[in-house]
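Enquirer: Quick one: structure below, then a few questions.
Residue numbers (our numbering): 18 to 138.
Right under this line is the structure:
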């Protein structure tokens, strides 16, 4: 299932909102987590809508999969210093387990320092 989607897709730098997306295979119960974050999306719901329209609706046999958002927050991506800071929460979706986003992004940015906090909005 992981090969259907890119695990993480965030803007190359700056401060922006992000969400976690949980994809569940309805047949096996297997789940995988994705991270999406874009400056172009002013609300967390916009990010989920973008994912649904541009990625989820394109998969074959999508009736076998479910996509949900367990929460969101903000990402400060400092590409010059190779640092990513994940924090906060979404008023729409709540606060996710930021360690999940940290794990996803660390697999993509293995030479970065990636930290998180539940503090802040």
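Virtual Cβ for every residue (Gly too), placed ideally from N, Cα, C.
Would you grab the beta carbon distance between residue 27 and residue 92 for me? Rounded to a whole angstrom, and I think it's under 8 Å.
Expert: Working through the chain shown from its first residue, we reach residue 27 at position 10. Working through the chain shown from its first residue, we reach residue 92 at position 75. Rounded, the Cβ-Cβ distance is 6 Å, consistent with contact.
Enquirer: So residue 27 is in the beta strand (DSSP E); what residue range does that whole segment cover?
Expert: Mapped onto the chain shown, residue 27 falls at position 10. Segment 25-27, the beta strand (DSSP E) holding residue 27.
Enquirer: Compute the distance between the beta-carbons of residue 54 and residue 33, then report whether it is under 9 Å.
Expert: In the chain shown, the residue the question calls residue 54 occupies position 37. In the chain shown, the residue the question calls residue 33 occupies position 16. Yes, they are a contact pair.
Enquirer: Going by C-alpha distance, which of 133, 97 and 67 is nearest residue 38?
Expert: Reading the chain shown from its first residue, position 21 is the one you call residue 38. Nearest C-alpha to residue 38: 67.
Enquirer: Taking residue 45 as the reference, give the member of 137, 101 and 82 with the closest Cα.
Expert: Counting from 1 along the chain shown, the entry for residue 45 is found at position 28. Of the listed residues, the one whose Cα sits closest to residue 45 is 82.
Enquirer: Contact defined as beta carbons within less than 8 Å: I believe residue 65 pairs with residue 36. What is the distance between those atoms, to the nearest angstrom?
Expert: Taking the chain shown and counting its residues from 1, one reaches residue 65 at position 48. Taking the chain shown and counting its residues from 1, one reaches residue 36 at position 19. Between residue 36 and residue 65 the Cβ distance is about 6 Å, and since that is below 8 Å, they are a contact.
Enquirer: Hey, would you say residue 30 sits closer than 9 Å to residue 109, going by beta carbons?
Expert: Looking up residue 30 in the chain shown gives position 13. Looking up residue 109 in the chain shown gives position 92. No, the Cβ-Cβ distance between residue 30 and residue 109 is not below 9 Å.
Enquirer: By how many angstroms is the C-alpha of residue 113 removed from the C-alpha of residue 87?
Expert: Along the chain shown, read from residue 1 onward, the residue named residue 87 stands at position 70. Along the chain shown, read from residue 1 onward, the residue named residue 113 stands at position 96. Computed Cα separation, rounded: 6 Å.
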